[in-house]
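The working numbering applies: residue 1213 is where the sequence shown begins, and numbers increase by one. Using N, Cα and C, we set each Cβ at its ideal position, and we do this for glycine too.
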Amino acid sequence: MRWFFLLFAMTINSAASVFLKLGSKYAEANPLADGAGLVDKVFHFLNAWTIVAIVMFALNVLAYRKALDGFNLSIANPIMVSGGVVLVATAAWLIPALSERLCWWQVLGIGMIVAGIWLVVYTPARAVSTH
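Structure follows, in structure tokens:
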């Protein structure tokens, strides 16, 4: 179950980053009229994409906190952060609304990140304690 919470936290955190970018693109594509008031500016900034991202970040915190019950921070954090880089880069490439590209050196870098995650996860058991 510990892996569930860590992978869920990593996935929801990555999805939240993507949703923030979609919120930014939405705001950019729908500019406010000149002379818009403060309330309009706040609602424009806090569009539906952004609100969903904020909720997802909150869920991430709860899931990550639960995951830390079963992992050393020195293992959980690198998996969370570097795995998130892989997920976000892949999502940004796959989602047409973001229209981001991956160059060969970025793919190579993602491969190196995955290798690094493997090295962190598969450290010999005698070298790792749970607390």
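Assigned exposure category for Val1251 - 16 Cβ within 10 Å defines buried: exposed
Which of helix, strand or coil DSSP assigns to Asn1272: helix
Sub-8 Å separation of Leu1232 and Ala1265 beta-carbons: yes
Cβ shell of Phe1283 (< 7 Å), same chain only, five flanking positions each side left out: Arg1214, Leu1218
Residue burial classification, Asn1242 (beta-carbon count within 10 angstroms, cutoff 16): exposed
Pick from Phe1220, Asn1259, Ala1327, Val1293 that is closest to Glu1240, judged by C-alpha positions: Asn1259
Collapsed DSSP secondary structure at Met1292 in the structure displayed: helix
Pair within 8 Å by beta-carbon distance, Ala1301 and Leu1310: no
Proximity winner among Ala1248, Arg1277, Ile1224, Val1297, relative to Val1319 (alpha-carbon distances): Val1297
Whether Ala1270 touches Ala1221 by CB criterion (8 Å): no
Whole-angstrom distance between Lys1278 and Thr1223, CA atom to CA atom: 15 Å
Terminal residues of the alpha helix (DSSP H) in which Arg1214 lies: 1214-1241
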